[in-house]
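Please read the structure below before turning to the comments.
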Amino acid sequence: MDKNSSRVLIAVGGNAIHPTRRPGTVEQQIEFAVKTGNALLPILESDNQVIITHGNGPVVGKILMRQVLARETVPPMTMDVCVAHSQGGIAYLMMQNLENTLRKVGNQRHVVCLLTQVEVDPDDPAFSNPSKPVGFFYCEEEARDIERKLGWTMREDAGRGWRYVVPSPQPKHIVDISLIETIANSGAVVIAGGGGGIPVVRNEDGTRHGVEAVIDKDLSSAHMANILGIETLLILTAVEQVYVNFGSEQQRALGSIKLQELVELHNDGEFADGSMGPKVMAAINFLRGGGKRAVIAHLDDAAAALAGDAGTQISQ
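The sequence shown begins at 422 in the working numbering and counts up one residue at a time.
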């Protein structure tokens, strides 16, 4: 691959690859992975250097629920191991179907999945204030019943229903970031940092161990892109654009917007914490960290969004 080719980091949202209100069978997950491959094909066929991250909120929540239901028979796993399971399973299906999509058009480009740890601060205040929604959506009555029976913290998620919320500390360091760069430089598409990365803390002697948390995928993606010096961050989700006054009669889509205006809207509380808020904050962090352009768009519009013809285009 030409060393002067453009570089892009694509963050695929958990709800884009596992839409809400769907059971999420393996067959459905394969269906969504095929859809992702078709949406990204024009980008994968180009001379772009491509790194892909992905969300895991719906899937890791299901893994946690399975553990609860089977807790009398099967010893439960810690949350970091649950994140690792979701990271490997999602990336496997994505890797396989991206390559299948490429092979169907005669393209021999490889896709590589890298299990990724991300260091966090053990004193991050997020550990005492769970905020990251994972798993299924419930009505309030179901959520209250789960709180009583399981001791989970349940909160309403942007008007879409109630979900289990877990600690979501800020990413500090992407472990093996140099390896991600080396693989990307080889011309392969790299899938890394799935689900925000497996949350770990580093001890004084350099050893690491996992912690009970789920890191926000978009914040980790922005951090990874800044470290790698990538100029374009493409955040793909289940809506076409970012909206202000979302869900009201005054709802308005944002097409092209400057960083400072987006910061002001974010500070005014325009974007819900459980849905668009982290994506907007990731875009802000990315541009403040040296990125040139952040785009938030629907998965189906990936190629058009990268070309500047779809989604919300955010610039310096």
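We put the beta carbon where it would ideally sit given N, CA and C, even for glycine.
* **Residues near Glu-577 in its chain [Cβ-Cβ closer than 6 angstroms; skip 5 each side]** => Taking C-beta separations shorter than 6 angstroms and ignoring five residues to either side along the sequence, the partners of Glu-577 in its chain run Trp-583, following chain order.
* Asked: Given 8 angstroms as the limit, is there contact between the region 648-664 and the region 717-726, that is, 3 or more CB pairs closer than that?
  -> Yes, the region 648-664 is in contact with the region 717-726.
* Under 8 angstroms between C-beta atoms of Lys-638 and Gly-476 -> Going by C-beta atoms, Lys-638 is nearer than 8 angstroms to Gly-476.
* To do: Give the DSSP-derived three-state secondary structure of Met-500 in the structure shown.
  => Reduced to three states, the DSSP call for Met-500 is helix.
* Please work out which residues of its chain come closer than 7 angstroms, Cβ to Cβ, to Glu-691, disregarding the five sequence neighbours upstream and downstream, and give them in chain order. => Residues of the same chain with a CB within less than 7 angstroms of the CB of Glu-691, apart from the 5 flanking positions on each side, are Val-665 in chain order.
* Out of Gly-615, Val-632 and Thr-733, which has the shortest C-alpha to C-alpha gap to Val-382? -> No statement about residue 382 is possible, as the shown extent of the chain runs from 422 to 737 and does not include it.
* Distance CB(Ile-619)-CB(Ala-432) smaller than 8 angstroms -> Contact annotation: Ile-619 and Ala-432 have beta-carbon atoms that are not nearer than 8 angstroms.
* Asked: If you count every other CB in all the chains shown that lies within 10 Å of the CB of Lys-483, and 16 or more means buried, which is it?
  -> Buried, because 16 or more other Cβ atoms sit within 10 Å of the Cβ of Lys-483.
* To do: Within its chain, find whatever has a CB closer than 6 angstroms to the CB of Ala-454; leave out the 5 residues flanking it on each side and keep chain order.
  => Scanning its chain for C-beta atoms nearer than 6 angstroms, with the 5 sequence neighbours on each side dropped, one finds around Ala-454 the residues Leu-514, Met-515 and Asn-518, in chain order.
* Is the CB-CB distance between Ala-613 and Ile-472 below 8 angstroms? -> Contact: yes.
* Using the beta-carbon count (16 or more within 10 Å), is Leu-490 buried or exposed? -> Under this definition Leu-490 is an exposed residue.
* To do: Hey, could you find the ends of the beta strand (DSSP E) Val-621 is sitting in?
  => Run containing Val-621: 619-623, per the beta strand (DSSP E) assignment.
* Asked: Taking just the CA atoms, how far does Gly-458 sit from Ser-607?
  -> When rounded, the distance between both Cα atoms is 21 angstroms.
* Enclosing alpha helix (DSSP H) for Glu-685 [first to last residue] -> 680-688 is the span of the alpha helix (DSSP H), which, as asked, contains Glu-685.
* What separation, rounded to the nearest whole angstrom, lies between the Cα atoms of Asp-423 and His-531? -> Residue placement at Asp-423 is flagged as unreliable, the pLDDT there being 38, under the threshold of 50; the coordinate-derived value follows with that caveat. Asp-423 and His-531: Cα-Cα distance of roughly 16 angstroms.
* To do: For Gln-734, name the three-state secondary structure that DSSP assigns.
  => Residue state, collapsed to three classes: strand.
* Asked: Nearest to Met-498 by CA position, among Ala-634, Glu-670 and Leu-683, is which residue?
  -> Scanning Ala-634, Glu-670 and Leu-683 for the CA closest to the CA of Met-498 turns up Ala-634.
* Asked: Under 8 angstroms, do Ser-507 and Gly-616 count as touching if we go by C-beta distance?
  -> Against a cut-off of 8 angstroms, the Cβ pair of Gly-616 and Ser-507 comes out as a contact.
* **Helix, strand or coil at Val-716 according to DSSP, with G and I counted as helix** => Note: Val-716 maps to strand in three-state DSSP.
* Assign Pro-444 to one of two classes, buried (16 or more other C-beta atoms within 10 Å of its C-beta) or exposed (fewer than that). => When all chains shown are included, Pro-444 counts as exposed.
* Sequence-distant residues of the same chain with beta carbon closer than 6 angstroms to Gly-572, five excluded per side -> The answer is none, since no qualifying residue turns up.
* To do: Evaluate contact between the region 584-603 and the region 532-546, counting only Cβ atoms and requiring at least three cross-stretch pairs below 8 angstroms.
  => Taking a cut-off of 8 angstroms for Cβ pairs, the region 584-603 and the region 532-546 touch, as three or more such pairs fall below it.
* Through-space distance from Lys-570 to Gln-734, alpha-carbon basis -> Distance between the alpha carbons of Gln-734 and Lys-570: 44 angstroms.
* Asked: What residue from Ala-728, Asn-528 and Ala-512 has the CA that sits closest to Leu-465's CA?
  -> Cα-wise, what sits closest to Leu-465 is Asn-528.
* Simplified DSSP assignment, three categories, for Gln-449 -> It is helical.
* Select from Ala-693, Leu-461 and Leu-686 the residue whose C-alpha is nearest the C-alpha of Thr-522. => Nearest C-alpha to Thr-522: Leu-461.
* Specify, as a first and last residue, the run of the beta strand (DSSP E) that Lys-638 falls within. => Where Lys-638 is concerned, there is no enclosing beta strand (DSSP E), although the alpha helix (DSSP H) it sits in stretches over 638-649.
* Assigned exposure category for Gln-449 - 16 Cβ within 10 Å defines buried -> The residue is exposed, with fewer than 16 neighbouring Cβ atoms inside 10 Å.
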